[in-house]
Every structure is written in structure tokens, then in C-alpha cells.
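See below for the structure under consideration.
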Amino acid sequence: MSDPSNYRMRASLGGGALLDVGCYTVNVSRWILGEPDGVLATLKRDRSPDDGVDTTVTGLLHFPGGATASVWASFDSPEEQELVVVERDRTQRLALPFSAWRDPDDPYQLMAESFADSVIENRSVAIPPEDSIANMRVLDRIRAAAEAI
């Protein structure tokens, strides 16, 4: 991710690793564990002169009952995706949990078509807006925790 004109590298356009790819790890953590009651985080920021963004973010989410989730998103390293759920007596792994590339379908086109169908047919969308707002609140908490350091 080295092209400074790419919207992902422009904070004013919603760029940065946290919003671009960190949203997925936060979302799956919330699906499994609920809403976090504590957040710790660090981030590395691109120091471009005009519109720098976070290029690597690491977060630790604490949930009621004592569960934790470690979330990480980065533009600085090769793509790596894995969901690891560690329980008392077992570990479960899922490779590439956030990739939907299935030839010949374009996942972004499928998402847009699903949304359009929901509007046209006056039916609920796959992910309710309230869930997206709750996810953004956690992302905001991660950013605030990282910037407080």
C-alpha cells in the first residue's frame, strides 16, 4: 500500500488500516463474544505530510466474563488472515476468514446487489445498521485508546 493517492492512504477519505481491514476482526470478535467492556490499543501512523493514516493497529478487547480478543490490521506487512479461537481445552483455526474471492464472482458486486435487492424488495439487509454502528463505536474506542498512548 504505497500509492499516496489511494483513498486507503488518506485519512480525510476514511483511510487507514483500522477502518479498511480492522473492521473485520472487530466484527467477528463481537459476533462471537458480544460487546467489549474494555479496549487497549496501539497504532503506527504513516507520517505523510498532508494526510497520514494508521498503517498498523493492534488492539486487545476485553469482554464481560473475562474473554479477550486480540485484533490486528496492517498495511505494512503481507496479507495474513486467520481466526484463532482458544478455549480451555482446544484451539480452533480458520484460514482466510475474511476473503470471499470465488471466481468468477466479485464479492463487492455481490454485496451491492444484495443491498439493492433489499431496498427494491423492502426487506432487511444482511447486517443491520445498528450492528454496523456498534462496530464503528468499537473502532472509535480502539483509535482513542491508541492515541491516548
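So that you can map any letter, position 76 of the sequence shown is 78 in my numbering, and since no number is skipped, the others follow by simple counting.
Even glycine gets a Cβ: it sits at the ideal position worked out from N, Cα and C.
Let's test the definition: count the other Cβ atoms within 10 Å of the Cβ of residue i and tell me whether it reaches 16, buried, or not, exposed.
{"i": "Ala19", "result": "buried"}
{"i": "Phe117", "result": "exposed"}
{"i": "Met138", "result": "exposed"}
{"i": "Arg145", "result": "buried"}
Nearest CA to the CA of residue i: which residue from the options?
{"i": "Phe65", "options": "Ala13, Val86, Arg32, Arg12", "result": "Arg32"}
{"i": "Ile135", "options": "Ala146, Ser14, Glu37", "result": "Glu37"}
{"i": "Arg2", "options": "Lys46, Ser7, Ile129, Asp39", "result": "The structure shown does not extend to residue 2, since the chain is modelled only from 3 through 151, so no value can be given for it."}
{"i": "Ala148", "options": "Met113, Pro130, Met11, Arg47", "result": "Arg47"}
{"i": "Ala69", "options": "Arg90, Ser79, Asp5", "result": "Arg90"}
{"i": "Gly17", "options": "Leu35, Val59, Glu115, Val41", "result": "Val59"}
{"i": "Gly67", "options": "Arg92, Ile34, Met113, Ser79", "result": "Ile34"}
What's the gap between the Cα of residue i and the Cα of residue j?
{"i": "Asn29", "j": "Tyr110", "result": "18 Å"}
{"i": "Leu85", "j": "Asn124", "result": "34 Å"}
{"i": "Asp56", "j": "Pro130", "result": "27 Å"}
{"i": "Ala43", "j": "Ala75", "result": "11 Å"}
{"i": "Glu82", "j": "Arg95", "result": "13 Å"}
{"i": "Ser7", "j": "Asp22", "result": "15 Å"}
{"i": "Met11", "j": "Phe77", "result": "9 Å"}
In chain order, each alpha helix (DSSP H) run of at least 4 residues that lies wholly inside the region 66-91 = none
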